[in-house]
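Data first, discussion second: the structure below is written as structure tokens.
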Amino acid sequence: MSPKKSAKLVEELTSVAHRRQIAERPDRWFAGLSVRDAQVLTRHLESLGDAGLPLRLGVIHTYTSDLLDPWLKLHATVQGLDLQTYHAPYGLNLLEAQTGSGLEQHAPDITLFMLQREDLHPDLARPVSGLPADRKDRLKQEIVERLSQVLSQFRRTVGGLMLVSLLPSVQGACLGQLDRHSERSENAWWHGLREQIAAHLRDHLDATILLDEEQLINQVGRDHFFDRRYWYASRFPFTPLAANEFARVIVGFGVLLKRPKAKVIVLDADNTLWGGIIGEDGLHGIGLGQDYPGNAFVDFQRRLLDFQQRGFVLALCSKNNPDDLQEVLDKHPHQVLRDEHFVARRVNWEPKPANIRALAQELNLGLDSFIFVDDSDHECAMVRQELPQVEVIQTPKNAVAVPTCLEQLARLEILSLTDEDLKKTQMYTQERQRRELRDSLDGQGEDITGYLRSLDMKMSIQLNPVAHVARLSQLSQKTNQFNLTTRRYDEQQVADFIGSPDWTVASFSLADVFGDSGIVGLMLVRHSPDDAESVAIDTLLMSCRVIGRRAESAFLYAVLNRLAEIGIKRVSAEYLPTAKNKLVEQFFDDHAFSDTGDKRYVCELGDAQREALQALPIDVTLE
Amino acid sequence: MSMIDDVRRVIADTLNLSEDKIDENSSSETIDAWDSLAQVNLMMAIEQTFDLELEVEDFMKLNSVSAIAGFIEANS
Numbered sequence: 036m037s038p039k040k041s042a043k044l045v046e047e048l049t050s051v052a053h054r055r056q057i058a059e060r061p062d063r064w065f066a067g068l069s070v071r072d073a074q075v076l077t078r079h080l081e082s083l084g085d086a087g088l089p090l091r092l093g094v095i096h097t098y099t100s101d102l103l104d105p106w107l108k109l110h111a112t113v114q115g116l117d118l119q120t121y122h123a124p125y126g127l128n129l130l131e132a133q134t135g136s137g138l139e140q141h142a143p144d145i146t147l148f149m150l151q152r153e154d155l156h157p158d159l160a161r162p163v164s165g166l167p168a169d170r171k172d173r174l175k176q177e178i179v180e181r182l183s184q185v186l187s188q189f190r191r192t193v194g195g196l197m198l199v200s201l202l203p204s205v206q207g208a209c210l211g212q213l214d215r216h217s218e219r220s221e222n223a224w225w226h227g228l229r230e231q232i233a234a235h236l237r238d239h240l241d242a243t244i245l246l247d248e249e250q251l252i253n254q255v256g257r258d259h260f261f262d263r264r265y266w267y268a269s270r271f272p273f274t275p276l277a278a279n280e281f282a283r284v285i286v287g288f289g290v291l292l293k294r295p296k297a298k299v300i301v302l303d304a305d306n307t308l309w310g311g312i313i314g315e316d317g318l319h320g321i322g323l324g325q326d327y328p329g330n331a332f333v334d335f336q337r338r339l340l341d342f343q344q345r346g347f348v349l350a351l352c353s354k355n356n357p358d359d360l361q362e363v364l365d366k367h368p369h370q371v372l373r374d375e376h377f378v379a380r381r382v383n384w385e386p387k388p389a390n391i392r393a394l395a396q397e398l399n400l401g402l403d404s405f406i407f408v409d410d411s412d413h414e415c416a417m418v419r420q421e422l423p424q425v426e427v428i429q430t431p432k433n434a435v436a437v438p439t440c441l442e443q444l445a446r447l448e449i450l451s452l453t454d455e456d457l458k459k460t461q462m463y464t465q466e467r468q469r470r471e472l473r474d475s476l477d478g479q480g481e482d483i484t485g486y487l488r489s490l491d492m493k494m495s496i497q498l499n500p501v502a503h504v505a506r507l508s509q510l511s512q513k514t515n516q517f518n519l520t521t522r523r524y525d526e527q528q529v530a531d532f533i534g535s536p537d538w539t540v541a542s543f544s545l546a547d548v549f550g551d552s553g554i555v556g557l558m559l560v561r562h563s564p565d566d567a568e569s570v571a572i573d574t575l576l577m578s579c580r581v582i583g584r585r586a587e588s589a590f591l592y593a594v595l596n597r598l599a600e601i602g603i604k605r606v607s608a609e610y611l612p613t614a615k616n617k618l619v620e621q622f623f624d625d626h627a628f629s630d631t632g633d634k635r636y637v638c639e640l641g642d643a644q645r646e647a648l649q650a651l652p653i654d655v656t657l658e
Numbered sequence: 055m056s057m058i059d060d061v062r063r064v065i066a067d068t069l070n071l072s073e074d075k076i077d078e079n080s081s082s083e084t085i086d087a088w089d090s091l092a093q094v095n096l097m098m099a100i101e102q103t104f105d106l107e108l109e110v111e112d113f114m115k116l117n118s119v120s121a122i123a124g125f126i127e128a129n130s
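Sequences listed follow chains P and V, in order.
Residue numbers for the first sequence follow this note's numbering, beginning at 36 and rising by one.
Residue numbers for the second sequence follow this note's numbering, beginning at 55 and rising by one.
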């Protein structure tokens, strides 16, 4: 970006009075901003007074990291985060991993490791290419072990997320143009090493992620990524362009930790999924196909499938004749998204805020998990105005910019990927089928019990399920409505509970004639240190996906029965109200707990729970 | 005179200072916030604002308002 363009952009942005309008711009406006303009914009955003949520970042680095500060600050203020950064003294120093260190006292939400390749092993100071094959393999193992040891030390003292970044080589490939082709390829060796490191972190270290800086290099290009002058003079490798992009990615992880999780992408149809208007242009007149501008919309639809792979679900909200829209979904040869890709839809002439509210109700999800994509100024403004919880992205007018309009959205990144995420669209479809069955039984005069029996439900409860740490932490972070205490735990904490004799951790999955829910419920029970017969329910939550099938009762009673079997006589519990969990306000009252005042409860274990479990239309097994 | 003012503004914006804290005689010696890290940010800001390329050798010399203004006038 030229100095003039950067200054002009900042002039435009500093006249915007709402932070969200900058944060929700569908272009990469920040790419190429000058450091001076970044500072000016940051001050403007700070003056809007909308930086509420604190984000604490700790940086362990073996090259200059403080020069990232203006960029980190910029992206944090854009996202409404109040960033506090601690830069440890230079070096990969284990002193920082000790109790009482500057890092530990900073209590970071994110600890970022900015490492160079040479930090991993002294042998990396020379080419790897010429080493014998077995030495190369051993070197990889030694590196993974060393790195793992260091990171484990940090993992023991700092909570939150750990991000490990490896600065790519300032130089090109060892063997030049032949590097990709050769069996001695150094790039291939590095690629293999990074895979091994990532696999090791996945399996052995909780909430520790290897950042792919190669992806950043691909994004901005190697020549635009490194500035050798600052590298050799000040050990700062990045051009402003790269620093900006790197900071955006780091802050993006903060957004994932701090802001409500996005779950649904609600899409308009005309001029969003295709160019033009189906009601006017007709099936063969809309822009969707191999030529411009239709090819851009095909690409956008293809990209939406990628978001589905990350665990987001798609829904439609458009003002069309339902038959016109259906014709595109069924018959257009270049339409990528078909019926099965949308978990719900509102295709009608009602106002969109009302339709989005109806979608939230149908899917049993909070409005703050919605991202709304629409090309119309009017619709976007109306949804922003009436549903401030919904993130609104306006589809660019320019077709070329459409396929990438969701790329800079931090909330469409993910921290983990579980089997449940991949099956989400399918699960919502099953839920729709259940609803249809219920409605049809209802029409035949059957009551709810008849419907529940017809589902043939089987619940499987896992006790202390080490294999599900990622999913359970995800549930604890994401579940808002069916959550009695809304305590958020990261993977590390969940793993600690599972490993501790003072806690009982239970999870469950529910299968019925339509399919298996995957892991959808979590209960954390704390044993009393001075009374072997008493426990307290620290957490009880359930995904809204299985609401309305008595699963919560079966889960609670089955776990209580198990506790009774190991000699527990008394259970205490509490309901902590939030803006979102009114749904479960009466949960303990409804399950025969006695209210001791202030929504605190006790329950004596005995036959009552066993009988209650037997009366439920769910077959329960405990693993 | 206007080049001096332009430079003062860039320094003020980049180092997060009020413009009236910087005059034509200001330098890294007289301004606390103008430390070695700030110097790197300032060099980037000068390059980006005035659309020029600096050499590493220039970094150390460009440590005052007058030096920077003189350099820009001579090189653009």
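Built from N, CA and C at the ideal position, the CB exists for glycine as well.
Contact set between residue i and chain V, taken where Cβ atoms lie within less than 7 Å
i, result
"L102 of chain P", "L91, V94, N95"
Residues near residue i by beta carbon distance below 7 Å, same chain, minus five either side
i, result
"I178 of chain P", "L155, H156, L228"
"V435 of chain P", "A331"
"G194 of chain P", "D525, Q527"
"L182 of chain P", "L155, I232"
"S130 of chain V", "F104, L106"
"K115 of chain V", "A121"
"P388 of chain P", "M417, V418, E421, L422"
"K108 of chain P", "T77, L118"
Same chain, Cβ closer than 6 Å to residue i, five either side skipped, listed in chain order
i, result
"L88 of chain P", "L116, K293"
"T659 of chain P", "This structure cannot speak to residue 659 of chain P, because chain P is shown only from 36 to 658."
"A277 of chain P", "V255, F260"
"A445 of chain P", "G287, V290"
"T656 of chain P", "S495"
Proximity of residue i and residue j at Cβ, strictly below 8 Å
i, j, result
"L210 of chain P", "S220 of chain P", "yes"
"S100 of chain P", "R152 of chain P", "no"
"A627 of chain P", "A643 of chain P", "yes"
"L351 of chain P", "F377 of chain P", "yes"
"L302 of chain P", "I244 of chain P", "no"
"K296 of chain P", "V348 of chain P", "no"
"I449 of chain P", "V425 of chain P", "no"
Same chain, Cβ closer than 8 Å to residue i, neighbours up to 5 away in sequence not counted
i, result
"T484 of chain P", "P652"
"R263 of chain P", "V205"
"R62 of chain V", "E73, I76, D77, E78, S80, V119"
"R523 of chain P", "S511, Q512"
Chain-ordered neighbours of residue i on chain V, where CB pairs are closer than 8 Å
i, result
"S41 of chain P", "Q102"
"P38 of chain P", "Q102, T103, F104, D105"
"R54 of chain P", "Those within 8 Å of R54 of chain P in chain V number zero; the least Cβ separation is about 19 Å."
Contacts that residue i makes with chain P (C-beta to C-beta distance below 7 Å)
i, result
"A99 of chain V", "S69, V70, R71"
Per-residue contacts from residue i into chain V (C-beta, under 9 Å)
i, result
"Y98 of chain P", "Neighbours of Y98 of chain P on chain V: none; closest Cβ ~13 Å, over 9 Å."
Legend entry - Against chain P: residues of the region 103-119 of chain V by CB proximity under 8 Å: T103, F104, D105, L108, E109, V110, F113
Inset, instruction - Residues of the region 65-79 of chain V with a CB closer than 7 Å to any CB of chain P: list them in chain order, please. - result: Answer set for the region 65-79 of chain V: D67, T68, N70.
Legend entry - Cβ-based contacts, 8 Å cut-off: residues of the region 267-288 of chain P near chain V: Y267, A268, S269, F271, P275
Inset, instruction - Could you list the residues in the region 64-89 of chain P with a C-beta less than 7 Å from some C-beta on chain V, going in chain order? - result: Cβ contacts with chain V: S69, V70, R71, Q74, V75.
Legend entry - the region 105-126 of chain P: positions lying closer than 7 Å to chain V by Cβ: Result list: P105.
Inset, instruction - Check whether the region 276-291 of chain P touches the region 363-381 of chain P, counting contact only when three or more Cβ pairs, one atom from each stretch, lie closer than 8 Å. - result: With the cut-off at 8 Å, the region 276-291 of chain P and the region 363-381 of chain P do not touch.
Inset, instruction - Check whether the region 233-253 of chain P touches the region 36-54 of chain P, taking contact to mean three or more Cβ pairs, one atom from each stretch, closer than 8 Å. - result: no
Inset, instruction - For the region 445-474 of chain P, enumerate the residues whose C-beta is nearer than 8 Å to any C-beta of chain V, in chain order. - result: none
Inset, instruction - Check each residue of the region 238-265 of chain P: if its Cβ is closer than 8 Å to any Cβ of chain V, include it; give the result in chain order. - result: For the region 238-265 of chain P, which is checked against every Cβ of chain V, the residues closer than 8 Å are R264, Y265.
Inset, instruction - Assess, as a yes-or-no matter, whether the region 363-375 of chain P is touched by the region 397-404 of chain P under the definition of 3 or more beta carbon pairs within less than 8 Å. - result: no
Legend entry - the region 90-98 of chain P / the region 133-142 of chain P touching (three or more Cβ pairs under 8 Å): The region 90-98 of chain P is in contact with the region 133-142 of chain P.
Inset, instruction - Would you check if the region 476-492 of chain P and the region 597-606 of chain P touch, i.e. whether three or more CB-CB distances between them fall below 8 Å? - result: no
Inset, instruction - Please confirm if the region 550-559 of chain P is in contact with the region 576-584 of chain P, defined as three or more CB-CB distances below 8 Å between the two stretches. - result: yes
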